[in-house]
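Engineer:
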Amino acid sequence: MLGLIARSIIHRPVRNGALILAFAFIAASLFSGHYLLAGASDSVKSEIAKLGADLIVVPANYTADSEAVLLRGEPSTFFFDDSVVPRIRNVSGVEQVEPQIFIASLTASCCSLPVQLIAIDPTQDFTIAPWLEQKREKPLGPDEIIVGSKIVAGGGTNLNFFGHSFIVAGKLDPTGTGLDTSIFLRTDDAYKMANDSKVNAVKPLVLPQGVASAVLVRVNDAAEATNVSYRIVDQVPGTRVLTSSALVTTVSDQLAGITRILDLSALVATLVSLPLIALISLMVANERRREIGVLRALGATRSLIFRLILGESVIIAAIGGIIGIGSSWIILVLFQSYISVVTRIPLSIPAPSSLISISILTFVVTVAVGGLAALYPAVRSALMEPYEAIRSGEL
Amino acid sequence: MIDARGLIKSYHDGEQEVRPLDGVDFHCDKGEFILIVGRSGSGKTTFLNVLGGLTRPTTGSVIIAGKDILALSDAECSALRSRTIGFVFQFPGLLSTLSARENVALSAEIAGITESKSASTGRALALLTRVGLKEKAGSPPSHLSGGELKRTAIARALMNSPSLILADEPTADLDVDTEREVMELFREINREGTTIIMVTHNIDLASYASRVVRMDKGKLVPVEPVP
Amino acid sequence: MVLDNKKQSHIPAGILILLGVLVVLTPWFIFPVCEIKGVSDTGVANMNMNPGTHMKCWYTAEAETGVGALIILTGVALLALPGRVSRKTAGIVGGILGLIVILVPTVLIGVCTTPNAPCRIGTLPALILLGAVTVITGIYLVLSKDTVAAGPN
Numbered sequence: 001m002l003g004l005i006a007r008s009i010i011h012r013p014v015r016n017g018a019l020i021l022a023f024a025f026i027a028a029s030l031f032s033g034h035y036l037l038a039g040a041s042d043s044v045k046s047e048i049a050k051l052g053a054d055l056i057v058v059p060a061n062y063t064a065d066s067e068a069v070l071l072r073g074e075p076s077t078f079f080f081d082d083s084v085v086p087r088i089r090n091v092s093g094v095e096q097v098e099p100q101i102f103i104a105s106l107t108a109s110c111c112s113l114p115v116q117l118i119a120i121d122p123t124q125d126f127t128i129a130p131w132l133e134q135k136r137e138k139p140l141g142p143d144e145i146i147v148g149s150k151i152v153a154g155g156g157t158n159l160n161f162f163g164h165s166f167i168v169a170g171k172l173d174p175t176g177t178g179l180d181t182s183i184f185l186r187t188d189d190a191y192k193m194a195n196d197s198k199v200n201a202v203k204p205l206v207l208p209q210g211v212a213s214a215v216l217v218r219v220n221d222a223a224e225a226t227n228v229s230y231r232i233v234d235q236v237p238g239t240r241v242l243t244s245s246a247l248v249t250t251v252s253d254q255l256a257g258i259t260r261i262l263d264l265s266a267l268v269a270t271l272v273s274l275p276l277i278a279l280i281s282l283m284v285a286n287e288r289r290r291e292i293g294v295l296r297a298l299g300a301t302r303s304l305i306f307r308l309i310l311g312e313s314v315i316i317a318a319i320g321g322i323i324g325i326g327s328s329w330i331i332l333v334l335f336q337s338y339i340s341v342v343t344r345i346p347l348s349i350p351a352p353s354s355l356i357s358i359s360i361l362t363f364v365v366t367v368a369v370g371g372l373a374a375l376y377p378a379v380r381s382a383l384m385e386p387y388e389a390i391r392s393g394e395l
Numbered sequence: 001m002i003d004a005r006g007l008i009k010s011y012h013d014g015e016q017e018v019r020p021l022d023g024v025d026f027h028c029d030k031g032e033f034i035l036i037v038g039r040s041g042s043g044k045t046t047f048l049n050v051l052g053g054l055t056r057p058t059t060g061s062v063i064i065a066g067k068d069i070l071a072l073s074d075a076e077c078s079a080l081r082s083r084t085i086g087f088v089f090q091f092p093g094l095l096s097t098l099s100a101r102e103n104v105a106l107s108a109e110i111a112g113i114t115e116s117k118s119a120s121t122g123r124a125l126a127l128l129t130r131v132g133l134k135e136k137a138g139s140p141p142s143h144l145s146g147g148e149l150k151r152t153a154i155a156r157a158l159m160n161s162p163s164l165i166l167a168d169e170p171t172a173d174l175d176v177d178t179e180r181e182v183m184e185l186f187r188e189i190n191r192e193g194t195t196i197i198m199v200t201h202n203i204d205l206a207s208y209a210s211r212v213v214r215m216d217k218g219k220l221v222p223v224e225p226v227p
Numbered sequence: 001m002v003l004d005n006k007k008q009s010h011i012p013a014g015i016l017i018l019l020g021v022l023v024v025l026t027p028w029f030i031f032p033v034c035e036i037k038g039v040s041d042t043g044v045a046n047m048n049m050n051p052g053t054h055m056k057c058w059y060t061a062e063a064e065t066g067v068g069a070l071i072i073l074t075g076v077a078l079l080a081l082p083g084r085v086s087r088k089t090a091g092i093v094g095g096i097l098g099l100i101v102i103l104v105p106t107v108l109i110g111v112c113t114t115p116n117a118p119c120r121i122g123t124l125p126a127l128i129l130l131g132a133v134t135v136i137t138g139i140y141l142v143l144s145k146d147t148v149a150a151g152p153n
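Chains as they are written, first to last, in this note's numbering: chain H, 1 to 395; chain D, 1 to 227; chain S, 1 to 153.
(1) Quick one, are the C-beta atoms of residue 33/H and residue 348/H less than 7 Å apart?
(2) Would you say residue 101/D reaches chain H, if we count a Cβ-Cβ gap shorter than 7 Å as a contact?
(3) Which whole runs of the beta strand (DSSP E) in the region 226-311 of chain H are 3 residues long or more, in chain order?
(4) In terms of DSSP beta bridges, what is residue 212/H paired with?
(5) Let's test the definition: count the other Cβ atoms within 10 Å of the Cβ of residue 260/H and tell me whether it reaches 16, buried, or not, exposed.
(6) Is residue 164/H helix, strand or coil when you go by DSSP?
(7) For residue 44/S, count neighbouring C-beta atoms within 10 Å of its own C-beta (all shown protein chains included) and say buried if the count is 16 or more, exposed if not.
(8) Could you give the DSSP three-state label for residue 28/D: helix, strand or coil?
(9) Please confirm whether residue 47/D has its beta-carbon closer than 7 Å to some beta-carbon of chain H.
(10) I want to know whether the region 181-200 of chain D touches the region 8-23 of chain D - three or more CB-CB distances under 8 Å.
(11) Output the distance between the C-alpha atoms of residue 33/S and residue 105/S, rounded to the nearest integer angstrom.
(12) Applying the criterion that 16 or more other CB atoms from any shown protein chain within 10 Å of the CB defines a buried residue, is residue 104/D buried or exposed?
(13) For residue 45/S, which three-state DSSP category applies?
(14) Taking the alpha helix (DSSP H) that residue 336/H belongs to, which residues open and close that run?
(15) Between residue 79/D and residue 299/H, how many whole angstroms is the CB-CB distance? I'm expecting something under 8 Å.
(16) So, does the CB of residue 168/D fall closer than 7 Å to a CB anywhere in chain H?
(17) Can you tell me the Cβ-Cβ gap for residue 305/H and residue 31/H, rounded? I've got them flagged as a contact below 8 Å.
(18) May I ask you to list, following chain order, the residues of the region 251-281 of chain H that have a beta carbon less than 9 Å from some beta carbon of chain D?
(19) Among residues of its own chain, excluding the 5 on either side of residue 109/D, which ones have a beta-carbon nearer than 8 Å to its beta-carbon?
(20) 7 Å is my cut-off, CB to CB: does residue 311/H come that close to chain D?
(21) So the alpha helix (DSSP H) residue 88/S belongs to, where does it begin and stop?
(22) From the DSSP output, in three-state form, read off residue 129/H for me.
(23) Residues in its own chain within less than 8 Å of residue 328/H by CB, not counting five upstream and five downstream?
(24) Evaluate residue 40/S with the Cβ neighbour count: other Cβ atoms within 10 Å of its Cβ, from every protein chain shown; 16 or more gives buried, anything less gives exposed.
(25) Is residue 111/H helix, strand or coil when you go by DSSP?
(26) At the 7 Å Cβ level, is residue 243/H part of the contact set with chain S, yes or no?
(27) Under 7 Å between the Cβ atoms of residue 293/H and residue 368/H?
(28) Give a yes or no on contact between the region 51-71 of chain S and the region 98-114 of chain S, applying the rule of three or more CB pairs nearer than 8 Å.
(29) Less than 7 Å between C-beta atoms, sequence neighbours within five positions excluded: which residues of the same chain meet that for residue 59/D?
(30) Under DSSP, the beta strand (DSSP E) around residue 359/H begins and ends at which residues?
(31) Hey, how far is the Cα of residue 100/H from the Cα of residue 331/H?
(32) Measuring CA to CA, which of 311/H, 118/H, 277/H and 195/H is closest to residue 104/H?
(33) Decide if residue 215/D is buried, meaning its Cβ has at least 16 other Cβ atoms within 10 Å, or exposed.
(34) Which chain H residues sit within Cβ distance under 9 Å of residue 75/D?
(35) Where does residue 13/H land, buried or exposed, given buried means 16+ other C-beta within 10 angstroms?
(36) Once the 5 residues before and after residue 123/H are set aside, which same chain residues still bring their CB inside 8 Å of it?
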């Protein structure tokens, strides 16, 4: 019977090809929307956790820039007075603080696009220290830098910033966050670099003493994080506190729009396709009335006829579903960075378990639509009286 | 072999009542070759289809090989059709997506006969050879002439070695020579023991049959038996 | 039947031409390379390079223009000569050209190494995709059998 269905599908390539494309579109829309959603929320949830912090304190005037740096890795340079650091440390509930300085480079030794430099004090650092311990077992030395996973440079390579030469000492694992396009250096080296830049660089870097761009905060009790954040804003004026949930909300809002559009298009595609496919199935069942009558005369049961017609639609839907999911997958992975930059949302490839469940769900829904569309024609054909079917075919 | 009593089929076409069968009694023994003649519209095709279980009469009974086909479930009726009865329609009725050989083998597949695919294909080929279509076995219906299509349909009807063949105007649209070939084939099949009931409007074919009956306005009228 | 041959070749030929056009347009208009974007978007092109030379992605764009033109030519040739032999030839040529489309921005010339550079996140995947589809089209052409129509009807 499968052979019969396969032959029948190949026999009308144009019509069935169009149907397959329709199903592929439905599957692609559904899949893409949920893929992006999973990829984005996975990415954001791990963002601050990856930094090792519970809260990030940034200058109140530079909120947009901080989000740009943290979420999208868009390089930026901003500071506030680092006298805030001991004050933050004194807020109750704060366990540990680490100041970081954000500097946007001029170039990355190859192209005209800047990268984000993050200057850290190795004695206070808890962001990359764990990673360093694991991989290197010794702290950063002079002029040594750690690069994010997307920076195309390996260990031992020389990179120049503001005319100062650095050696890549290691590369971080991918985080799916702005860290992937960042470079960590020691604060001492940053000041050396700023000094030298007056002579060596195309454009000098002005780095005042006693500044920080962000203060990463670890709290004693994770449950208290929100309360601590209120206290900090209260006690240390001129600051804003970014929490994991705040960032997630920002991204979710942005993403919600896109996901809504994709889900809507999947819905519209389904609503439009369902009656269309049903109509086509009906038309074909009519065309094949005589054929069905003959099959019945040969001894085919009603159940066989039903399965034949339903089976054809289900298989077409399955093929379309696989094509839709497969091609979406390929395009989404290939263009991941592009989508992330254009939508200004951090994206990563969703966890394998999410990917599999999204794929299966999409496939099941697509096949169900195919089955639903052909249900009425299949039942009608099965219940036809063979003689009527044969007669009506004659004209 | 076949015992049909009091067959009436009526339906309403708008306001009018149509009665293709108006009280038909019919009996036939195993091995007979019966020709049913009559004008178009006389009800002979409807009668044939009732015998084959393809349509239900409004009243009456049909017993084939001891089974009351009107009492059978759909599955049982389908099984009867696939194994006991072979149909040859006026139109070839071959599936355009399959080759001649595959069309013939389809009978066995539907009957659920458990034999290997190659066995089915082999038997199909043998039947096609018997009807003189060995070289065209792999061709699709679109590449066969009218006569070749008919012969393929006959081969298909024979695939499951039915004890009864119901043929509806099998030689309509055929030229005289091909018609003769086809009728010879039927005679051969009948000689092997298969009962044949054939509907035709061509009374000249009477010489092939063992008995001729006439259908007129939904009733059977006996005609002289052929010597 | 000659008709079948023609139809069998026309569609892939059209696809090849379309792909070739896309390959040519991609690095300049659809997913423009850095210099195009840099000049028009920020108005600043921080080049620490010698004047008169270009970034890698520019050269990739120029190379792909050439390859794309060749793909278009292959498609046109197939349209003009839709026979079985020319189908297979077009398939091989198209397949190789498709491979080159993929290799130019990855191995042969390359694009900018900055993450999030327009050429890296947009032009590169687009060219890889187009190259892959071209290779698949080439393979299809090489493997496609003639639909032999024989016998009377």
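For every residue, glycine included, the Cβ atom is placed at its ideal position computed from N, Cα and C. As the structure is a computational prediction, the values presented were derived from the model and not from experiment.
Structural biologist: Considering the structure as presented:
(1) Within the first sequence, numbered from 1, the residue matching residue 33/H stands at position 33. Within the first sequence, numbered from 1, the residue matching residue 348/H stands at position 348. The answer is no: Cβ separation not under 7 Å.
(2) Here the question's residue 101/D lines up with position 101 in the second sequence. By this cut-off, residue 101/D is not an interface position.
(3) 239-243
(4) Within the first sequence, the letter at position 212 stands for residue 212/H. Paired residues: 80/H.
(5) Locating residue 260/H in the first sequence gives position 260, where the first residue counts as 1. Classification of residue 260/H: exposed, given that the 10 Å Cβ count is below 16.
(6) Within the first sequence, residue 164/H is the residue found at index 164, counting from 1. Looking at residue 164/H - three-state DSSP - the assignment turns out to be strand.
(7) Along the third sequence, one-based indexing puts residue 44/S at 44. Summary for residue 44/S: the model assigns pLDDT 35, below 50, so the residue's position carries little reliability, and this model does not support an answer.
(8) Working through the second sequence from its first residue, we reach residue 28/D at position 28. Reduced to three states, the DSSP call for residue 28/D is strand.
(9) As a working note, residue 47/D is residue 47 in the second sequence. No, because no Cβ of chain H sits closer than 7 Å to the Cβ of residue 47/D.
(10) Counting Cβ pairs under 8 Å, fewer than three are found: no touch.
(11) By 1-based counting over the third sequence, the position of residue 33/S is 33. By 1-based counting over the third sequence, the position of residue 105/S is 105. Each residue's alpha carbon lies about 11 Å from the other.
(12) By one-based count along the second sequence, residue 104/D stands at place 104. When all chains shown are included, residue 104/D counts as buried.
(13) To locate residue 45/S, count along the third sequence from 1; it is residue 45. For residue 45/S, the pLDDT reaches just 41, beneath the cut-off of 50, and the residue's location in the model is therefore unreliable, leaving the point undetermined.
(14) Looking up residue 336/H in the first sequence gives position 336. First-last of the alpha helix (DSSP H) with residue 336/H: 336-343.
(15) If you number the second sequence from 1, residue 79/D lands on position 79. If you number the first sequence from 1, residue 299/H lands on position 299. At roughly 7 Å, the Cβ-Cβ gap stays under 8 Å, so residue 79/D and residue 299/H are in contact.
(16) Against the second sequence, residue 168/D aligns to sequence position 168. Closer than 7 Å: no.
(17) Counted from its first residue, the first sequence places residue 305/H at position 305. Counted from its first residue, the first sequence places residue 31/H at position 31. Going by Cβ atoms, the distance from residue 305/H to residue 31/H rounds to 33 Å, so no, they are not a contact pair.
(18) none
(19) Here the question's residue 109/D lines up with position 109 in the second sequence. Correct list, in chain order: 120.
(20) For the purposes of this step, residue 311/H is identified with residue 311 of the first sequence, where counting begins at 1. False, the Cβ-Cβ gap to chain D never drops below 7 Å.
(21) Taking the first residue of the third sequence as 1, we reach residue 88/S at position 88. Run containing residue 88/S: 84-103, per the alpha helix (DSSP H) assignment.
(22) Position 129 of the first sequence holds residue 129/H. In the structure shown, residue 129/H sits in a helix (DSSP, three-state: H, G or I).
(23) In the first sequence, residue 328/H corresponds to position 328, counting from 1. These residues qualify, in order along the chain: 27, 28, 31, 32 and 35.
(24) Start at 1 with the first residue of the third sequence, and residue 40/S comes out as number 40. Any reading at residue 40/S needs caution, since the residue's pLDDT is 32, under 50, leaving its predicted position unreliable; the model's value is listed next. Answer is exposed; the Cβ neighbour count stays below 16.
(25) Position 111 of the first sequence, counted from the first residue, corresponds to residue 111/H. Because residue 111/H sits at a pLDDT of 44, beneath the cut-off of 50, its placement in the model cannot be relied upon, and the following sentence gives the value as read from the coordinates. Coil, per DSSP.
(26) Working through the first sequence from its first residue, we reach residue 243/H at position 243. Not closer than 7 Å to any Cβ of chain S, the Cβ of residue 243/H fails to qualify, so no.
(27) Residue 293/H sits at position 293 when you count from the first residue of the first sequence. Residue 368/H sits at position 368 when you count from the first residue of the first sequence. No; because the gap between Cβ atoms is not below 7 Å, this pair is not in contact.
(28) yes
(29) For the purposes of this step, residue 59/D is identified with residue 59 of the second sequence, where counting begins at 1. If we look at residue 59/D and ignore the five residues flanking it on each side, its Cβ neighbours are 6 and 8.
(30) Stepping through the first sequence from its first residue, residue 359/H is reached at position 359. For residue 359/H, no beta strand (DSSP E) run applies; the uninterrupted alpha helix (DSSP H) run containing it begins and ends at 352-383, by DSSP.
(31) Here residue 100/H corresponds to residue number 100 of the first sequence, with the count starting at 1. Here residue 331/H corresponds to residue number 331 of the first sequence, with the count starting at 1. So the alpha carbons of these two residues sit roughly 37 Å apart.
(32) The count along the first sequence starts at 1 and reaches residue 104/H at position 104. Measuring from the Cα of residue 104/H, the nearest candidate turns out to be 118/H.
(33) What you label residue 215/D is simply residue 215 of the second sequence in a count that begins at 1. That one is buried.
(34) Residue 75/D sits at position 75 when you count from the first residue of the second sequence. The answer, in chain order, is 301, 302 and 303.
(35) Position 13 of the first sequence, counting from 1, holds the residue named residue 13/H. With fewer than 16 other Cβ atoms within 10 Å, it is exposed.
(36) Counted from its first residue, the first sequence places residue 123/H at position 123. Counting only Cβ-Cβ distances below 8 Å, and skipping sequence neighbours, we find nothing.
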